[in-house]
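As structure tokens, the structure follows; a few thoughts come after it.
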Amino acid sequence: MCVVRQVEIKDVETVDGAYFKSPAWLDRKIDLVAITLLTLCGMVKTIGGHAFLLCRGLTSLTLGASVESIGGGAFYQCIGLASLIIPDSVKTIGGHAFCICKGLTSLTLGASVESIGNGAFSGCIGLASLVIPNSVKTI
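Residue 133 in our numbering is what sits at position 24 of the sequence shown, and the numbering runs on without skipping anything.
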């Protein structure tokens with residue numbers, strides 16, 4: 110099993126569970142749980158449901174200005190994640206997207222978020238406050 114700590118994805122529009130089942134990833138036998146630093150930029154527009162589910166070692170997440178949608182459960186139980194800035198490009202955050210991210214203490218929502226799914230931040234026990242931007246139409 111290959112231990113990869115830093116991953117940058119920029120060459121596809123959608124990153125989801127199927128992305129990591131592609132031959133390029135399977136041939137490397139990469140352990141997603143070991144990822145500590147993740148950058149999603151370039152062409153990435155959609156982070157699909159459960160894409161980084163249980164990546165408990167993830168401590169740093171950078172979302173580029175191309176990201177428009179974060180799917181349900183995308184970062185479910187990423188307990189090492191401490192702070193997060195969701196860029197202005199993001200319009201939709203799916204249900205349970207950051208559920209049980211217990212280490213999350215700082216969160217900034219971009220000014221263009223329109224929809225936040227059910228339980229998107231439930232179980233984020235370290236999060237003391239959250240400012241919902243005026244752009245949000247559905248929670």
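Cβ coordinates follow ideal geometry from the N, Cα and C atoms, glycine included. On a predicted model such as this, the values are computed, not experimentally measured, just so you know.
- Bridge pairing for Gln115: Leu146 [DSSP].
- For Ser192, the enclosing beta strand (DSSP E) starts and ends at Ser192 to Ile194.
- The beta carbons of Ile188 and Ile156 sit no closer together than 8 Å.
- Straight through space, the alpha carbons of Ile225 and Ser178 are spaced by roughly 10 Å.
- Sequence-distant Cβ neighbours of Met152 in its own chain, meaning closer than 7 Å and more than five residues away, are Lys119, Asp120, Val121, Glu122 and Ser175.
- Only residues of its own chain outside the window of five on either side were considered, and among them Cys208, Ile209, Cys210 and Lys211 have a CB closer than 8 Å to the CB of Gly232, listed in chain order.
- Just so you know, the alpha carbons of Thr201 and Val116 end up roughly 23 Å apart.
- Cα atoms of Ser169 and Thr145: separation of roughly 6 Å, rounded to the nearest angstrom.
- The continuous stretches of beta strand (DSSP E) do not include Thr247, and DSSP gives it neither H nor E.
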